[in-house]
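Novice: Following this message is one structure expressed as structure tokens.
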Amino acid sequence: MIDPKYKFLIAIFILLPLIGITQQNLSDDIHSNLAEETNFGILTSLENYIETHNLVLNNGQYSIQCLTCKFSLYWSWLIANNQLSRFILVKIISYVCTKVTPYDQYTCNGYVGSFADVGIDQLFKGPFNEKVICEDTYKMCPDTVVSRVKSIEQFQTSVLSDKPSNIANDQFINNIYTSIGSSARTTFKMLHLADLHLDTKYVLGASNTCNQIICCRSNHGFPSDTSKQAGQYGEFKCDSPLSLLVSMADYINNVIQPDMIIWTGDSMPHAEAQGMNFEEKKTTIDQINDLLLTKFANIPLYPSVGNHDYASTNFEDYTKKEQLYQYVSTDWSNWLDNDAMQLFLSKGYYKQKLKLRDGTTFNNVYMIALNTEVCYFYNFYLFSQRNDPAGMLSWLETTLKSFETNGQVAIMFGHIPPSGKDCMNGWSSRFKAITDRFQHIIRLTAYGHKHKEMVNLARSVAGDLPIGVHFSTSSVTPYGGVFEVDNQYFVPLKATTHYMDINAANPVWAARHELTNHYSLSNLSPAAFQDFANRVKTDSVLASKYLTSRSAGASPVSSCAQACRNQWYCYIREQTYYDYLDCMGQDKSVFFEGQFDWLFDPWFQL
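In structure tokens:
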């Protein structure tokens, strides 16, 4: 039996968090519900908990320090698992949402409510887990379960320990561009489709202005002012109507005529606040797949998944099978071979040989589709699943080593760029080591997610030299990107942005700019973009041009002062967001995600 004085002390400690709740002016029903859920005998539960968890020291006495820590967290979980507590928490966060965002109460309630349960559950499985807090963080109990994995620095050192001598100077890709020079080259066209965001509830003439995440639906009203009416091909505050995607597909077939396509996901509307569930998503998934299969029947297409596509938006639980993967597998089997499909079904990533529309297959070139949900800040399962989620880093290292042995190269693509602040540092910094170690294997990398055109450099860990370029393509609302890729070295030689001016009287698709001509680049090498970053830092006109071109002119920027130029110099220059902050001389606490980095880091194995 536990010492009576300890019973009293622990009971007082446990009851403290309840005082704040029970003192509120809640209804009798709420009081009754709360009492019903908590009136199970605190001290009896405590004794059962002690016996179950074997909280006994070598001398046979309970450790009051360990006991208090573990049981208070256990009790906190019981409170958090109470429906009333969750209801109150959602209301509080939703209220804050209305004050710090432009969104209305309806949107905030729906958005926060759709994510709250998973977030709370995973907090107590990860950073608030009793074993993590009591055994690992504060050392109040013997460390019996938590196992730290390699730190970022240890991981980087391990991955780079056998870096080949032929890439030791970090100039491999730059040297390829030097060898190409101005010679005539054979190329193929790679089309990048990003962020289609089809909204099947888009209504012509509905209001394109609202204080919700997306507008242009019937519930937003039908204004008489034509400037506020949803147009035939979309609006910048709205997701894509089907008419926009059909016109895009026709333009691609008639004008661009790509040899192959990469598709980096996010095809669902931003309708979480409206309670969009997976059954509703299936309708949109079917329409998108049917459109792409019909319009691009003879063009090899390599798909990947975005955060809005998952059965539960933003969430992927790596201990279970993801419903989305199974649902799309029938249609996607038209694009993926059996090996790629089996890996995709299991992990959400895959590799497959590069094939062109004329039937050419390159046995020495692989397309690698990344599952970038493994680094996403808003995937709350990462609170508890911290040790290389989905095993992708391990798989990637092994796969690229096999390519190195066999004289093969890779083109990589995925949804979320590792340079973004919503890609967690614990993953992106480890990924940085892999892109350094295999800089000679990775020839082109492309992402979406940001909805605006951007570039940033991959850099070596030790030398801090530019070793690759990460291209982020604008969303098809309404933009798209085309790379002309060298047939021998598989590096991009040209990159052209195509767009539709949806504000024009008669909107048409057209090529807007090609990067080397637009920014006076010698080529698309890492060295050329390092020079570009340097020029952005000192040239206000060039910086403004870059910022305007990110949205294909939809959001013109007339000037960019020194602080603005420093910001974009650092963003183009750096590979991870923490590197960007170092470049800016800022602490991670200056941005929202950085303040909560401890929820995801350090990595451990429970």
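Quick note, the sequence shown lines up with residues -24 to -1, 1 to 582 if you use mature numbering (1 follows the signal peptide of the UniProt record, and there is no 0).
Just so it is clear, CB atoms sit at the ideal spot from N, CA and C, and this is done for glycine as well.
Does the count of Cβ pairs from the stretch 105 to 123 and the stretch 459 to 475 closer than 8 Å reach three?
Specialist: Output reads no: the stretch 459 to 475 does not touch the stretch 105 to 123.
Novice: I need the straight-line Cα distance from F198 to Q81, nearest angstrom please.
Specialist: Their backbone Cα atoms lie some 21 Å apart in a straight line.
Novice: Taking the alpha-carbon positions, what's the N15 to F47 distance?
Specialist: The predicted model places N15 with a pLDDT of 41, which falls under 50 and marks its position as unreliable, so this point remains unresolved.
Novice: At which residue ranges does the stretch 285 to 340 contain complete beta strand (DSSP E) runs of 3 or more residues, listed in the order of the chain?
Specialist: DSSP runs (the beta strand (DSSP E)) wholly in the stretch 285 to 340: 326 to 331.
Novice: So, E130 versus F356, is the Cβ gap smaller than 8 Å?
Specialist: One detail in the question is off: residue 130 reads as Gln in this sequence, not Glu. Contact: no.
Novice: Rounding to the nearest angstrom, what Cα-Cα distance links L321 and F291 in this structure?
Specialist: Rounded to whole angstroms, L321 to F291 spans 16 Å at the Cα level.
Novice: Mind checking which residues open and close the beta strand (DSSP E) that includes V431?
Specialist: Counting along the chain, the beta strand (DSSP E) containing V431 begins and ends at 430 to 435.
Novice: Alpha carbon to alpha carbon, how far is D138 from V431?
Specialist: Straight-line Cα distance between these residues: approximately 29 Å.
Novice: What did DSSP end up calling H196 once you bin it into helix, strand or coil?
Specialist: If DSSP states are grouped into helix, strand and coil, H196 belongs with the helices.
Novice: Am I right that P393 and K426 are in contact with their C-beta atoms under 8 Å? What's the rounded C-beta distance?
Specialist: Their Cβ separation, rounded to whole angstroms, is 7 Å, which keeps P393 and K426 in contact under 8 Å.
Novice: Starting from the Cα of P578, find the closest Cα among F359, D334, S451, I387 and give me that residue.
Specialist: Per the Cα distances, F359.
Novice: Quick check: N85 and S70, are their CB atoms within less than 8 Å of each other?
Specialist: In contact: N85 and S70 (Cβ atoms closer than 8 Å).
Novice: Mind checking P78: buried by the 16 CB within 10 Å criterion, or exposed?
Specialist: Exposed, by the Cβ-count rule.
Novice: Enumerated in chain order, which unbroken segments of the beta strand (DSSP E) with a length of 3 residues or greater are wholly contained in the stretch 377 to 448?
Specialist: With a minimum length of 3 residues, the continuous beta strand (DSSP E) runs that stay inside the stretch 377 to 448 are 385 to 389, 418 to 423, 430 to 435, 442 to 448.
Novice: Let's see if you can read the secondary structure: which residues bound the alpha helix (DSSP H) around A519?
Specialist: Note, A519: alpha helix (DSSP H), 516 to 525.
Novice: Quick check on the DSSP output: the beta strand (DSSP E) that includes R161 runs from which residue to which?
Specialist: Counting along the chain, R161 falls outside any beta strand (DSSP E), and DSSP gives it neither H nor E.
Novice: What do you reckon, are the CB atoms on H173 and N283 nearer than 8 Å?
Specialist: No, the Cβ-Cβ distance between H173 and N283 is not below 8 Å.
Novice: Can you tell me the Cα-Cα spacing of E111 and F338, whole angstroms?
Specialist: Rounded to whole angstroms, E111 to F338 spans 52 Å at the Cα level.
Novice: Would you be able to state if there are at least three C-beta pairs under 8 Å between the stretch 265 to 280 and the stretch 236 to 245?
Specialist: Counting Cβ pairs under 8 Å, three or more are found: they touch.
Novice: Does the beta-carbon of L(-16) have 16 or more other beta-carbons within 10 angstroms, so that it is buried, or is it exposed?
Specialist: Because the pLDDT at L(-16) is just 36, under 50, the model does not fix this residue reliably, and the point stays unresolved.
Novice: Helix, strand or coil: which one does DSSP assign to P578?
Specialist: DSSP places P578 in coil when its eight states are reduced to three.
Novice: Suppose you measure from the CA of A316 to the CA of K331; what does that come to, to the nearest Å?
Specialist: A316 and K331: Cα-Cα distance of roughly 14 Å.
Novice: For A170 and G457, what's the separation of their Cα atoms in angstroms?
Specialist: Straight-line Cα distance between these residues: approximately 9 Å.
Novice: State the DSSP-derived secondary structure class of Y38, mapped to helix, strand or coil.
Specialist: Residue placement at Y38 is flagged as unreliable, the pLDDT there being 49, under the threshold of 50; the coordinate-derived value follows with that caveat. Three-state result, Y38: coil.
Novice: Under the three-state reduction of DSSP, which class applies to Q205: helix, strand or coil?
Specialist: Strand, per DSSP.
Novice: Please report the distance separating the alpha-carbon of Q(-2) from that of I443.
Specialist: The pLDDT assigned to Q(-2) is 34, lower than 50, so where the model puts this residue is not dependable; a value taken from the coordinates is nonetheless given after this. Spanning the two alpha carbons is a distance of roughly 60 Å.
Novice: Would you decide whether D5 is buried or exposed? Buried here means 16 or more other CB atoms lie within 10 Å of its CB.
Specialist: With a pLDDT of 38 at D5, under the threshold of 50, the modelled position of that residue is not reliable, and the figure given next carries that caveat. Under this definition D5 is an exposed residue.
Novice: Do A386 and Y423 come within 8 Å of each other at the CB atom, strictly closer than that value?
Specialist: Against a cut-off of 8 Å, the Cβ pair of A386 and Y423 comes out as no contact.
Novice: Within the stretch 455 to 507, note down every full beta strand (DSSP E) run reaching 3 residues or more, in order along the chain.
Specialist: The qualifying runs are 455 to 462, 468 to 476, 485 to 490.
Novice: Using only the alpha-carbon positions, how far apart do Q208 and G241 sit?
Specialist: Computed Cα separation, rounded: 23 Å.
Novice: To the nearest angstrom, how far is the alpha carbon of R161 from that of T492?
Specialist: If I take the Cα positions, the gap works out to 16 Å.
Novice: Counting pairs of beta carbons, one from the stretch 145 to 161 and one from the stretch 213 to 227, are three or more of them closer than 8 Å?
Specialist: No contact exists between the stretch 145 to 161 and the stretch 213 to 227.
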